[in-house]
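Trainee:
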Amino acid sequence: MVKDYLMFKAPKYYYIFYKILTMVESTEVSRLSGEEEEEEEESPTVLTESRHLEAITAPNTAAHSWRLKERMKTVSVALVLCLNIPVDPPDIVKTQPCARLEAWTDPLSMPPSKAIEAIGNSLQKAYERWQPRARYKQSLDPTVDDVKKLCMSLRRNAKEERVLFHYNGHGVPKPTTNGEIWVFNKSYTQYIPLSIYELQTWMGAPSIYVYDCSNAAVIVKLFEQFAEQHEEEWRKGNSGSNSPPPPSFRQCIQLGACGAKEILPMNPDLPADVFTACLTTPINMAVRWYLLQNKGKLLHGLNLDIKLFRQDLLVASLFRNFLLAQRIMRSYDCTPVSSPVLPPTHQHPMWDAWDLALEICLGQLPTALRTDDLYSHVHSPFFEEQLTAFQVWLDLGHERRHPPEQLPIVLQVLLSQVHRPRALELLGSFLALGPWAVNLVLSVGIFPYVLRLLQSTARELRPLLVFLWAKILAVDPSCKGDLVRENGYKYFLQVLSDTSMPAEHRTMAAFVLGVIVWEHPEGQRVALQGSLMPLCLELLGDLHPPQRQWATICLGRTWHHHPDARWAATRDNAHEKLYTLLCDPVRGAAVFSLGTFVSSLVSRERTDHARAIDHTIAITLANTVTHDGSPLVRQELVVALQYLIQMYESSFLTVARQYFRDEMMDLSPSSLASSTDSIMSPSNSLTRGLGSSPDSSFSECVHTSPLGVKRAVSTHSISSLGTASVFSGVSSLSYSGMYCKLWQTLIALEHDPFPAVATLAKLVVDYVKIKVRTGSRDLVEQKVESAPGTPVNKPMFIWGITSVHHRNVNANAREIEKPFKSQFVEWSAKTFILPRQKSTEELTSNSSPLHSYSDRSLSSRLLAESEERRSVGTNKLDDQVFVHRNPGPPAVLLFHPLEPLLTVADKTNITIWDVERSHRISHWGNNNVGSSCISSLAVINPGTPSSFVATACDDGSVRVWRDVFQNAHQQSHDPPSLITAFQATSDINPATRGAGLLMSWEQDTATLVIGGDSRTVRVWDMQAERRTMELPTGGDNTTVITAVHSHHAGPWIVAGFSDGYVRVLDRRLTSTRAVVRQWREHTSWVISTHLLNASQATTKIITGVVSGEVRLWDMRQSNSVQVCAPNHEMTAMATHANAHLFATDTSWYYTLYKLFSAMIEDVQNQGLNLT
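For the sequence shown, the residue numbers in full-length UniProt numbering are 1 to 1171.
1. Please return the same chain residues whose Cβ sits closer than 7 Å to the Cβ of Val638, not counting the five positions on each side in sequence.
2. Within 10 angstroms of its Cβ, does Met665 collect 16 or more other Cβ (buried), or is it exposed?
3. Going by CA-CA distance only, name the one from Thr499, Arg506, Ile553, Pro477 that's closest to His520.
4. Could you tell me whether the Cβ atoms of Ile910 and Thr951 are closer together than 8 Å?
5. By the 10 Å Cβ neighbour count, where 16 or more other Cβ atoms means buried, how is Ala1074 classified, buried or exposed?
6. Hey, could you find the ends of the alpha helix (DSSP H) Asn439 is sitting in?
7. Closest to Thr552 by C-alpha separation, out of Gly237, Gly588, Phe492, would be which residue?
8. Suppose you measure from the CA of Asp608 to the CA of Thr745; what does that come to, to the nearest Å?
9. Enumerate in chain order the residues of its own chain whose CB-to-CB distance from Thr88 is below 7 Å, with the five nearest sequence positions on each side excluded.
10. Would you call the stretch 201 to 209 and the stretch 151 to 162 touching, i.e. three or more CB-CB distances under 8 Å?
11. Run through DSSP, which three-state label would Asp482 get?
12. Could you pull the start and end residues of the beta strand (DSSP E) that Ile979 belongs to?
13. From the DSSP output, read off the bridge partner residues of Arg959.
14. Quick check: Ile619 and His575, are their CB atoms within less than 8 Å of each other?
15. Can you name, in chain order, every residue of its own chain whose Cβ lies under 6 Å from the Cβ of Val466, other than the five neighbours on each side?
16. So what does Phe430 bridge to, in DSSP terms?
17. Applying the 10 Å Cβ sphere with the 16-neighbour rule, what's the burial state of Val512?
18. Can you tell me whether Glu180 is buried or exposed? The criterion is at least 16 other CB atoms within 10 Å of its CB, across all chains shown.
19. Name the DSSP beta bridge partners of residue 1173, please?
20. Just list the beta strand (DSSP E) runs in the stretch 258 to 302, keeping only unbroken ones of 3 residues or longer that don't cross its boundaries, in chain order.
21. For Glu605, does the three-state DSSP call read helix, strand or coil?
22. Where do the ends of the alpha helix (DSSP H) carrying Pro193 lie?
23. Using only CA atoms, which one of Met1133, His1090, Arg1116, Ser331 lies nearest to Gly1108?
24. Please classify Trp1001: does DSSP put it in a helix, a strand, or coil?
25. Beta-carbon within less than 7 Å of Ala474's beta-carbon, same chain only, minus the 5 sequence neighbours each way: which residues are those?
26. Going by Cα to Cα distance, which pick from His751, Asp906, Leu1069 is closest to Ser957?
27. Quick one: residues in its chain with C-beta nearer than 6 Å to the C-beta of Thr45, no 5 flanking neighbours on either side, listed in chain order?
28. Reducing DSSP to helix, strand and coil, say where Cys213 ends up.
29. By Cβ distance below 8 Å, which residues in the same chain neighbour Tyr449 in space, the five residues on each side in sequence not counted?
30. Which of the three DSSP states is assigned to Gly1011 in this structure?
31. Apart from the five residues on each side of it in sequence, which residues of its chain come closer than 6 Å, Cβ to Cβ, to Arg250?
32. Cα-Cα, which of Ile1041, Val772, His1048, Leu555 is closest to Val1062?
33. Which word fits Asp269, buried or exposed, when buried means at least 16 other C-beta atoms lie within 10 angstroms of its C-beta?
34. Below 8 Å between beta carbons: does that hold for Val586 and Gln635?
35. So Ser593 and Leu578 are supposed to be a Cβ contact under 8 Å. How far apart are they, rounded?
36. Give a single yes or no on whether Ile912 has its beta carbon closer than 7 Å to a heavy atom of the ligand FAD.
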């Protein structure tokens, strides 16, 4: 049975834990159990969104190369017919009767001379249906010279485009094994061989060859050998640098009627050129073959080689029809061949669907012919059935399965108004499967279809098309150029302005427009002309957070490096409207857009008014989001601040230089010489022990000038703006307060508790250090006036100092790369990329039924076990259950609320123990900054798979770690990782003697109450990752908060102080009236406070002090109601969260008490020698 434990510290880092078997009345247990079960179902799970569980990086979804880079047209066609009617070739014995039709023309029904002309004309008309604009030339029963002249003439006119060579060799011998086909002499008395090698030379490349003759595979194979021979000859004869490009015969396309040693079918029911009939007249050939076989077949759903099936109309049609030739000719023991090789498709299941469709259509003919009245035709259900099959695949399909064979049919159905809505809906469901589905749809040719559909005015299609385009652009942003060229962006402007559209689809429209304008000047220009900016500004007040987010991002991308857009935004006060979002759930997007607003103008275009706006934006960002609870927001702040340094570099360098001077003057003479280099080294911390910069002290140092620019009116040093001792030596600094504030902000961010933020800020600070050290006179010698600093004439790109430690510091500091950019926006676009069923949000959100059920099951089981433990009726406390040596001296101990897990923290490390199995679960470092120490712990989301540990340090920082309890349930090799970290308070001085930073966690309200070595209590909403209130405690400068506790069931926060005061704060009241009760009966340091019955009118508080005195307070009374004053001092005190017990601890013994009796009853008091 799992036990509850009480823990004590012992010498030599040992812990001895004693089992507490509490006695609680059964009615109280039932009441608590019912309350906890109800509360557990409603408790939120915090810090489990995608921004906490994954890196803020752009998704790795590179678009496939679906565009045809070298899309050529077939502009010339050579029709070479060697029929020699009515003479049969000598090497083939024809059956009687045999196939006679050539191009659906009977050669024996007219004189030979007219017959071959009729066949040539019929074949040309068949080709013209596929490519009417091509140049056609016939060569009927030609000689070698005729073929040569024809081919060279067509190549000369075609230039770099494709030429088609169609060869019908039914009247000549089969091709030879030497790679020769046959033509005639001038008198038609002799067959003359024509080498494919020579034909290649005349035809050039690119070309496509169609061989309708027996033994065709021999030519296809030798063609490739001759191509290699041509390339080898070219390499030998063209070794110079100015030589022409090599021939590309290997890229030529070949289609052959049959394999080697195979002859063409002679069935009299078929045409003699059945292969050509399949290629040029597929429906006629398919129906004829159906009638012969009592079946019917067609060619849909087969997309085998994208490049071949998406060429010009002629080539694409030939390849599609080649699949029909495969099926028909294989039934007559002929195997059509091609180069490049296509896999066999004659047994593809899609043929069965075509057989059924053709049977239904042809089955109506007898009825139609016998009916005199108007016949009502029944349309084929083929497309409806294929859409249904596609739906079945979506319902049962998976990424690892083969793609649905109906996908090309769905694309074709987009052209039908009847089936278009359903087809678009199914395509949307398919694209929602992930980037692989988007790439597949683009590969099979959806792009021209959906681009053309943007011309539609049907409102019912808008949600579907917007969704499709959001998916496409999320995977392949290069499509935005097509949208601009074809005016497709106007469609999304209409959707964005349509207030009747659901917020989800307007969000997608904002995303699409954001992609169109990003780093695309033409897209920015047309979007600005299309009133995109007013539309987005109007959406900033929308109730739908994703819509606000993407409207904000769209604004930032619109004016990025686009001066006209910035001036238009300035006229609309866009930057001021974004200020309201700095306290919004989408504040990360607001910081991004304000940063791009600052960077949108080059220095020569920056007026005094523009500089005033820049300064106002900078100060607003620094004052508002420097201590934001989200690392994502603080990263965006660093990116935004780099633009300010880029634009106003000289002013920042002057402030930094004075800062470094004063820091060096603070050093003793003995250490000055050895410290000079280290101060100026980028790798050295100039701010040892710096915790953070202040939240609001700057507001006392600024006022608003007529231009709206905040200016410094005080000679306060940087140290007056902060609390960290590092600034104490900068008392002489009296430059512009704005630059001091921003420099102070960067220094604080360099020591941010979240490593990603600190790394980015360090890049900025290191750059300034290098610039100051190199002593660039044109930058450093400029003075910072009280007026806003003038930016340097030529802005310098300031990042990319990846090799700074290996660089000569005296080198020119101008050898720098572009400014860095965050990947926040690209990461945010993952919403439109990730598969719906696999998105991180759905995998971790409480909205998932399966996930919620799992969490509730785990939590309910743990709660049931906890209730069972509390119901055991024994008082014995003499069972030692766990003794183990910790890696370091303990500073803070915390039990898991529901499991037998103990979290132990020393100054810088955390260890988790399983006290039942005497097993260490995990151990990791807290990544403390400077000499800060851990002072408090909390378990977040207990009883769920997403259970975390929060640590608080005496420098005011809070860190939350994940994957810390994994090994308690399953073996895992993943080390704990940092979810989030933030500066919970900025006015703690680690040098003072105090309790450090104290936390009280309320799971049911997702609230973190912060107290400690300061005079205020701060309340953080961990769902929003924002500080929601700051409550003054009324203490003086000599007292600090030493204990703090709150409970979700009531509004009270109770705090104990170093001078013995106990104060109760009501978070419902204003900050100046928050203290509703205070007592001063204690005379020493308060070490523990705890709220009891917080949800009832009889709320009580229990407190303990170091002198050993314990008091019980009633909120309704002005004095304590009960007191216990032992004869010993105590070092620790703990009160059980549910059972009415508290325990005290000294260096030599412990005492356990029971609450709520007539008097405080001493349950057990026994000495225990721990030495």
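C-beta: ideal position from N, C-alpha, C; glycine also. If you're wondering where the values come from, they're calculated on a predicted model, not measured in any experiment.
Mentor: In this structure, then:
1. Counting only Cβ-Cβ distances below 7 Å, and skipping sequence neighbours, we find Leu749, Val757, Leu760, Ala761, Val764.
2. Exposed is the call here.
3. Pro477
4. yes
5. By the neighbour-count rule (16 or more Cβ atoms within 10 Å), Ala1074 is buried.
6. 435 to 443
7. Of the candidates Gly237, Gly588, Phe492, the one whose C-alpha sits nearest the C-alpha of Thr552 is Gly588.
8. 24 Å
9. Residue 88 is actually Asp in this sequence, not Thr. Lys94.
10. yes
11. DSSP places Asp482 in helix when its eight states are reduced to three.
12. 977 to 983 is the extent of the beta strand (DSSP E) around Ile979.
13. Thr951, Ala981
14. No, the pair does not count as a contact, with Cβ atoms beyond the cut-off.
15. Val495, His505, Met508, Ala509
16. Beta-bridge pairing links Phe430 to no other residue.
17. In the assembly as shown, Val512 is a buried residue. Its beta-carbon has 16 or more other beta-carbons within 10 Å.
18. In this structure Glu180 is buried. Its beta-carbon is surrounded by 16 or more other beta-carbon atoms within 10 angstroms.
19. With the chain covering only 1 through 1171, there is no way to say anything about residue 1173.
20. Correct list: empty.
21. In the structure shown, the three-state DSSP call for Glu605 is helix.
22. Element bounds for Pro193: not the alpha helix (DSSP H) but the beta strand (DSSP E), 191 to 195.
23. Met1133
24. strand
25. Ala829, Phe832, Ile833
26. His751
27. Asn846, Asn941, Thr944, Ser946
28. coil
29. Leu411, Leu414, Leu415
30. In the structure shown, Gly1011 adopts extended strand secondary structure according to DSSP, grouped into three states.
31. Ala227
32. Ile1041
33. exposed
34. no
35. 6 Å
36. For the ligand FAD, the structure offers nothing, since it holds no ligand at all.
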